[in-house]
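Asks:
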Amino acid sequence: MALAFDEFGRPFIILREQEKKSRLRGLDAQKANIAAGKAVARILRTSLGPKGMDKMLQSPDGDVTITNDGATILEQMDVDNQIAKLMVELSRSQDYEIGDGTTGVVVMAGSLLEQAEKLLERGIHPIRIAEGYELASRIAFDHLEHISHKFEFSATNIDPLVQTCMTTLSSKIVNRCKRTLAEIAVKAVLAVADLERKDVNLDLIKVEGKVGGKLEDTELVYGIIVDKDMSHPQMPKRIEDAKIAILTCPFEPPKPKTKHKVDIDTVEKFQTLREQEQKYFDEMVQKCKDVGATLVICQWGFDDEANHLLMHRNLPAVRWVGGVELELIAIATGGRIVPRFQELSPEKLGKAGIVREKSFGTTKDRMLYIEQCANSRAVTIFIRGGNKMMIEETKRSLHDALCVARNLIRNNSIVYGGGSAEISCSVAVEAAADRYPGVEQYAIRSFADALDAIPLALAENSGLSPIDTLTAVKSQQVKESNPHCGIDCNDVGTNDMKEQNVFETLIGKQQQILLATQVVKMILKIDDVISPSDY
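In C-alpha cells:
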C-alpha cells in the first residue's frame with residue numbers, strides 16, 4: 389500500500405490496519421476475478437446435457453447429495469471467493485425465475501469471462517467490453533424471439549408439453565423413464581393450472597417420496613398423501629364418501645393458563661374428576677358425530693382415552709398432521725380448518741370420495757391417501773426409488789420439469805435445444821458485428837465465440853470431438869439457413885433437433901443470456917479488490 393505524508397514528512401494512515409489487508413488493482417484484479425468465475429463454470433461444464441456427469445457433495449454433517457442440477461451443486465459447494473459467490477447467485481436467480489437451465493447459465497457466463505480475458509490482454513478497456521457485450525446480448529435476445537416457434541396445446545392435447553419436459557429430464561439421472569415422469573409433471577401442472585389467467589401455483593403440487601419400490605412406481609395422485617396412519621389400529625382402513633372434520637384444537641380437557649393444583653383426598657372426588665373428564669371427551673366426540681363427520685384429522689395428539697372413545701363411536705381419526713398438510717387437505721377437500729369444537733358445523737366439513745390407508749412392502753410404513761376430492765386443485769406426486777439420494781434427485785428433476793411446464797403455460801414459445809439456439813445466435817451476432825464501428829466490434833465478436841461454449845460442452849460431454857462437431861453443425865446451419873441444427877448428443881443420426889423433439893422454453897433461454905451478460909458486466913467493472921488478508 390502506498391503511504392501518504394503530511395507537510396512535515398510524517399506518514400499517516402489512510403486505510404485502517406492497511407498492512408493486514410491485501411489489495412489487487414487494475415488488470416490483476418480483473419484477471420483474478422475472471423479466474424474465479426471460470427473455475428466455477430469449469431466445475432459445472434461437465435454436467436451439461438444428456439450425457440452430463442453428476443456431482444457428489446458431502447455437507448459438513450455428513451449428508452451426501454448426488455445431483456446434476458446446477459443450482460443445487462453451487463448451493464451445496466461452500467464457496468469462499470466473492471466472485472464465485474456471484475456465480476452461485478446467478479444460478480440461483482435462474483432457478484427462482486425459470487427453474488431450468490441453471491447449469492447452462494453458469495457455463496455461458498464462464499465462457500463470456502474467458503473471452504473477455506483475451507480482449508483485456510489486447511488492452512481493450514473493460515467498460516468497452518461490457519458495452520459490446522450488452523449490445524450483443526440485445527441482438528441475441530431479439531434473434532431468439534425471431535427463431536422461436538409457438539406451439540399450441542390444450543387440456544386434451546398435451547403431447548407438446550410432454551416433449552419439452554422430456555428434454556429437461558433427459559439430462560438428469562431419471563432419463564430412463566423420462567416419458568412417464570414428464571407425463572406426470574404435465575398432468576400435475578394442468579390439474580392445478582388456471583388456463584384463463586395463464587397462472588400456475590406450484591405450491592398446490594405436493595411432492596412426496598418413499599424409499600423402496602422402483603422409479604417406475606412413481607404415481608400421480610389426484611388428492612393428498614399424508615405420511616400418517618389412523619390413530620387406532622382397529623379403525624377402518626378405507627372410508628368412502630368421507631366427510632372430514634379438520635381440527636386444530638387438541639382432543640383433551642382444557643388446561644387453565646394459570647398455575648393450579650387439584651387436591652383430591654377422597655375416592656369420591658377422584659370419581660367425579662374422572663367422570664368430568666369422561667363427559668368432556670364424550671361431548672367432543674359427540675359434537676364431531678353430530679355435524680356428520682366420518683373422519684377427524686387433528687393437528688395435535690390425543691390421549692388414549694380419547695382414542696379409545698373415538699374407536700368405540702366408529703369415528704376414525706388421524707393425529708399429528710402438520711400445518712402445511714392441513715392447509716392442502718383443506719384446499720383439496722373444500723373444508724374449513726376449525727380452531728374450536730364450538731365452531732364445528734356441517735358446511736365446514738371437507739368431502740372426499742375415498743380415504744384409504746396403504747402400506748408398503750414388508751415394513752410397517754403406512755400412508756393415508758385422500759382421493760376423489762371435491763376440489764381436485766391439489767395433487768400429489770408420489771415418488772418411489774431405490775435409495776434416499778435417488779428420491780431427492782428425482783424430486784429436484786421433477787421440480788425442473790414442473791417449472792418448464794409452468795413456463796410453457798405462461799408463454800408457449802419454444803426454441804430448439806441441443807445447442808442449436810446458441811449456434812444460431814452466434815451466427816447472427818457475428819453477422820451483426822460488422823454494423824458496429826469502433827472497439828465494441830471486438831466485444832461483439834467475442835460474445836459470438838462465447839455462445840459456442842454450450843454446444844462445445846455438449847459435444848465434449850457426449851464423447852464427440854468438440855471442434856469438428858461444432859464446425860460441421862455451424863456450417864450446416866449457415867448453408868441451409870436452418871436454425872434447428874444442433875449437436876446430436878444421443879447418436880440418433882440426425883442433427884435436426886426438430887426431428888429429435890428436443891425443445892427448450894424461449895423465456896428460459898432469453899433469461900440465460902440476459903443474466904449471464906449482466907453478471908459478466910458486473911465482474912468486468914471491478915478494478916480494485918481490497919480484502920482482509922488471512923491470518
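Position one of the sequence shown corresponds to residue 389 (our numbering), numbered consecutively onward.
All C-beta atoms, glycine included, are put in the ideal place defined by N, C-alpha and C.
Owing to the predicted nature of the structure, the values given are computational and were not obtained by experimental measurement.
Closer than 6 Å by C-beta to His537: which residues in its own chain qualify, once you throw out the five before and the five after it? Chain order, please.
Replies: Counted from its first residue, the sequence shown places residue 537 at position 149. Cβ neighbours of His537 beyond the five flanking positions: Ile802.
Asks: Round the Cβ separation of Glu810 and Leu839 to the nearest angstrom and send it over; I've been treating them as touching at under 8 Å.
Replies: What you label residue 810 is simply residue 422 of the sequence shown in a count that begins at 1. What you label residue 839 is simply residue 451 of the sequence shown in a count that begins at 1. At roughly 5 Å, the Cβ-Cβ gap stays under 8 Å, so Glu810 and Leu839 are in contact.
Asks: Contact between the region 411–419 and the region 522–538: three or more CB pairs below 8 Å?
Replies: Fewer than three Cβ pairs drawn from the region 411–419 and the region 522–538 lie within less than 8 Å of each other, which leaves the two stretches out of contact.
Asks: Would you tell me roughly how many angstroms separate the C-alpha atoms of Ser479 and Leu501, rounded to the nearest one?
Replies: Numbered from 1 along the sequence shown, position 91 holds the residue referred to as residue 479. Numbered from 1 along the sequence shown, position 113 holds the residue referred to as residue 501. Between Ser479 and Leu501, the C-alpha separation is close to 16 Å.
Asks: Report the option in Val428, Val815, Gly807 whose CA atom is closest to the CA atom of Ser876.
Replies: Your numbering for residue 876 matches position 488 in the sequence shown. Note that residue 876 is Asp in the sequence shown here, rather than Ser. Of the listed residues, the one whose Cα sits closest to Asp876 is Gly807.
Asks: Around the Cβ of Tyr830, are there at least 16 other Cβ atoms within 10 angstroms (buried) or fewer (exposed)?
Replies: For this step, residue 830 is matched to residue 442 along the sequence shown. So Tyr830 ends up on the buried side.
Asks: According to DSSP, simplified to helix, strand and coil, what is Tyr830?
Replies: As a first step, residue 830 is located in the sequence shown; it is residue number 442 there, counting from the start. DSSP places Tyr830 in helix when its eight states are reduced to three.
Asks: Could you check if Thr751 is buried or exposed, using at least 16 other CB atoms within 10 Å of its CB as the buried criterion?
Replies: Counting from 1 along the sequence shown, the entry for residue 751 is found at position 363. By the 10 Å Cβ count, Thr751 comes out exposed.
Asks: Tell me whether the beta-carbon of Ile758 lies closer than 7 Å to the beta-carbon of Gly611.
Replies: Numbered from 1 along the sequence shown, position 370 holds the residue referred to as residue 758. Numbered from 1 along the sequence shown, position 223 holds the residue referred to as residue 611. A contact, by the Cβ cut-off of 7 Å.
Asks: Counting only the same chain and skipping the five closest in sequence on each side, list residues whose C-beta sits under 8 Å from that of Gln760.
Replies: For the purposes of this step, residue 760 is identified with residue 372 of the sequence shown, where counting begins at 1. Cβ neighbours of Gln760 beyond the five flanking positions: Tyr610, Gly611, Ala740, Gly741, Ile742.
Asks: Once you ignore the five residues that flank Ile454 on each side, which residues in its own chain have a CB closer than 7 Å to its CB?
Replies: Working through the sequence shown from its first residue, we reach residue 454 at position 66. Within the same chain, Ile454 has close Cβ partners Asp442, Met444, Met777, Glu781.
Asks: At 3 residues or longer, what runs of the beta strand (DSSP E) sit wholly inside the region 688–776?
Replies: Runs found: 738–747, 754–761, 767–773.
Asks: Taking the CB atoms as reference points, tell me whether Tyr824 and His872 lie closer together than 7 Å.
Replies: Taking the sequence shown and counting its residues from 1, the one referred to as residue 824 is at position 436. Taking the sequence shown and counting its residues from 1, the one referred to as residue 872 is at position 484. Contact flag unset, no.
Asks: What are the boundary residues of the beta strand (DSSP E) that Phe891 is part of?
Replies: Within the sequence shown, numbered from 1, the residue matching residue 891 stands at position 503. For Phe891, the enclosing beta strand (DSSP E) has its first and last residue at 891–893.
Asks: Ordered along the chain, which non-local residues of its own chain (more than five positions away) have a Cβ less than 7 Å from that of Leu844?
Replies: Along the sequence shown, read from residue 1 onward, the residue named residue 844 stands at position 456. For Leu844, where only same-chain residues beyond five positions count, the Cβ hits under 7 Å are Pro854, Leu858.
Asks: Below 8 Å on the Cβ atoms is my contact criterion, and I expect Ile634 with Leu714 to pass it. Report the Cβ-Cβ distance as a whole number of Å.
Replies: On the sequence shown, position 246 is the one that residue 634 refers to. On the sequence shown, position 326 is the one that residue 714 refers to. Between Leu714 and Ile634 the Cβ distance is about 6 Å, and since that is below 8 Å, they are a contact.
Asks: Cβ atoms of Val580 and Arg765: under 7 Å apart, would you say?
Replies: The residue labelled residue 765 in the question sits at position 377 within the sequence shown. The residue labelled residue 580 in the question sits at position 192 within the sequence shown. Going by C-beta atoms, Arg765 is nearer than 7 Å to Val580.
Asks: For Arg701, collect the residues of the same chain with a Cβ closer than 7 Å to its Cβ; drop the 5 residues on either side in sequence, then sort them by chain order.
Replies: As a position in the sequence shown, residue 701 is number 313, starting the count at 1. Cβ within range, chain order: Val673, Lys677.
Asks: How is the beta strand (DSSP E) around Glu607 delimited, first residue to last?
Replies: Within the sequence shown, the letter at position 219 stands for residue 607. Counting along the chain, the beta strand (DSSP E) containing Glu607 begins and ends at 607–609.
Asks: Between Cys565 and the rest of its own chain, which residues show a CB-CB distance below 6 Å, the 5 nearest in sequence each way excluded?
Replies: Counted from its first residue, the sequence shown places residue 565 at position 177. These residues qualify, in order along the chain: Leu603, Glu604.
Asks: Within the continuous alpha helix (DSSP H) that includes Ser919, where are the two ends?
Replies: Position 531 of the sequence shown, counted from the start, is the residue given in the question as residue 919. Boundaries around Ser919 are those of the beta strand (DSSP E), 916–920, since no alpha helix (DSSP H) includes it.
Asks: Starting from Ile842, trace the alpha helix (DSSP H) in both directions and tell me its first and last residue.
Replies: The residue labelled residue 842 in the question sits at position 454 within the sequence shown. Residues 841–849.
Asks: Which runs of the alpha helix (DSSP H), 4 residues or longer, sit entirely within the region 428–509?
Replies: 458–464, 470–485, 490–509
Asks: Just confirm the distance between the C-beta atoms of Lys897 and Glu522, as a whole number of angstroms; I'd bet it's less than 8 Å.
Replies: Position 509 of the sequence shown, counted from the start, is the residue given in the question as residue 897. Position 134 of the sequence shown, counted from the start, is the residue given in the question as residue 522. Not confirmed; about 18 Å, so no contact.
Asks: Among Gly520, Asp856, Asp692, Lys736, which residue has its Cα nearest to the Cα of Thr721?
Replies: Along the sequence shown, read from residue 1 onward, the residue named residue 721 stands at position 333. For Thr721, the nearest C-alpha among the options comes from Lys736.
Asks: DSSP state of Met623, grouped into three classes?
Replies: Counted from its first residue, the sequence shown places residue 623 at position 235. Residue state, collapsed to three classes: coil.
Asks: Using the C-alpha atoms, what's the distance from Glu665 back to Ile725?
Replies: Walking along the sequence shown from the start, residue 725 turns up at place 337. Walking along the sequence shown from the start, residue 665 turns up at place 277. So the alpha carbons of these two residues sit roughly 25 Å apart.
Asks: Tell me Arg598's beta-bridge partners as DSSP assigns them.
Replies: If you number the sequence shown from 1, residue 598 lands on position 210. It is Lys, not Arg, that sits at residue 598 in the sequence shown. Lys598 pairs with Arg772.
Asks: With 16 other CB atoms within 10 Å as the buried threshold, where does Glu410 fall?
Replies: On the sequence shown, residue 410 is found 22 positions in, with the first residue counted as 1. The sequence shown places Ser at residue 410, rather than the Glu named in the question. Per the 10 Å Cβ criterion, exposed.
Asks: In terms of residue numbering, what span does the alpha helix (DSSP H) encompassing Ile527 cover?
Replies: Here residue 527 is taken as the residue at index 139 of the sequence shown, counted from 1. Note, Ile527: alpha helix (DSSP H), 514–535.
Asks: Suppose the cutoff is 8 Å on Cβ atoms and the five residues either side in sequence are ignored; what does the same chain contact list for His531 look like?
Replies: Counting from 1 along the sequence shown, the entry for residue 531 is found at position 143. Residues of the same chain with a CB within less than 8 Å of the CB of His531, apart from the 5 flanking positions on each side, are Ser812, Cys813, Ala816, Val817 in chain order.
Asks: Kindly indicate the opening and closing residues of the beta strand (DSSP E) around Val580.
Replies: The residue you call residue 580 lines up with position 192 of the sequence shown. Taken as a continuous stretch (DSSP letters only), Val580 belongs to no beta strand (DSSP E), being part of the alpha helix (DSSP H) at 566–580.
Asks: When the distance is taken between beta carbons, is Lys560 closer than 7 Å to Leu608?
Replies: As a working note, residue 608 is residue 220 in the sequence shown. As a working note, residue 560 is residue 172 in the sequence shown. Not a contact, by the Cβ cut-off of 7 Å.
Asks: Taking DSSP as the reference, what is the three-state secondary structure of Val964?
Replies: Residue 964 lies beyond the stretch modelled for the chain, which goes from 389 to 923, so this question has no answer here.
Asks: Comparing C-alpha positions only, which one of Ile719, Arg784, Ala820 sits nearest to Ala762?
Replies: Locating residue 762 in the sequence shown gives position 374, where the first residue counts as 1. Ranking Ile719, Arg784, Ala820 by Cα distance to Ala762 puts Ile719 first.
Asks: With a CB to CB cut of under 6 Å and the five nearest residues on each side skipped, what residues in its chain are close to Thr905?
Replies: As a first step, residue 905 must be located in the sequence shown, where it is residue number 517. Around Thr905: Tyr521, Ser525.
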